[in-house]
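First residue of the sequence shown? That's 1 in UniProt numbering, and the numbers climb one at a time after it. Heads up, the beta-carbon is just placed ideally off N, CA and C, and yes, glycines get one too.
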Amino acid sequence: MRKPESMRPIRSAVGGVLATFLFATMPIAGAQAHSFSLGVSADGSDLPTALDSAIKGILLATRERDSHANETSDGHLGGLDVFLVPLPTEAAADIDGLRDVNRRPIDIAVLLGPGSGDDQDLSQLDPQTVVVRPGRIVSEPTEAGRDFETRFMTAYGLRPNRAAIEGYNAARRVDLALRSTNGVADRPALIDALTATADGIEW
């Protein structure tokens, strides 16, 4: 039996509402997370000091862009909220002010110093963690370099040491990489973006 013509607009409207509901509740392909975790490992004769300095340098970078009031993370890199995780995790007890030192999995791990990244550090990483070294640091006393030293001293009341400089440089590289990849989901693209800045970046 043929449906009356008057019923067709009603069925069409119901179908449109149902389609809209289904579309709205479906996961969007390629959607990116709004936060990521950044593991930090350092080495040296005074490991706690080196790790603390590196994290101070990274924190300075996380507050340069995209910061806002009532932060719930440790700052921003690449437009994303970032949570810093000292490695090994036990070292977090000596570092104050971080939001979530037990956050897992670790999306990116910064390994500073020639001896970092030993079995103890790497055992806490996920197989998909992207590992990055600080990269080459331009040694010339540029205006940007002097500005970094001034801002570091203003923030922490001391001059930045090598670990702080390496941490800051690594964070700036991570920031640039994430802005080009729109997040941490595309691991190969993220690795390529980090590799592209290994020979040095301008501050």
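At what residues does the alpha helix (DSSP H) containing residue i begin and finish?
{"i": "S53", "result": "47-62"}
{"i": "P188", "result": "187-195"}
{"i": "S180", "result": "162-181"}
Do residue i and residue j have their CB atoms nearer than 8 Å?
{"i": "R179", "j": "L194", "result": "no"}
{"i": "R136", "j": "D175", "result": "no"}
{"i": "R99", "j": "T72", "result": "yes"}
{"i": "W203", "j": "F148", "result": "yes"}
Rounded to the nearest angstrom, what separates residue i and residue j at their Cα positions?
{"i": "T49", "j": "D186", "result": "34 Å"}
{"i": "S35", "j": "V101", "result": "14 Å"}
{"i": "A91", "j": "L47", "result": "9 Å"}
{"i": "residue 204", "j": "S67", "result": "The first residue shown for the chain is 1 and the last is 203, placing residue 204 beyond what the model contains."}
{"i": "T181", "j": "V82", "result": "16 Å"}
Buried or exposed for residue i, please, with buried defined as at least 16 other CB atoms from any protein chain shown within 10 angstroms of its CB.
{"i": "D52", "result": "buried"}
{"i": "D74", "result": "buried"}
{"i": "A42", "result": "buried"}
{"i": "D107", "result": "buried"}
{"i": "A177", "result": "buried"}
{"i": "A93", "result": "exposed"}
{"i": "G44", "result": "buried"}
So, at 8 Å on beta carbons, what are the nonlocal neighbours of residue i in its own chain, with the 5 sequence-adjacent residues on each side left out?
{"i": "V40", "result": "L51, A54, I55, I58, L84, V85, P86, L87, A109, V110, L112, G167"}
Which same chain residues, not among the five before or five after residue i, have their C-beta less than 7 Å away from its C-beta?
{"i": "A196", "result": "none"}
So, at 6 Å on beta carbons, what are the nonlocal neighbours of residue i in its own chain, with the 5 sequence-adjacent residues on each side left out?
{"i": "P134", "result": "L112, E166, N169, A170"}
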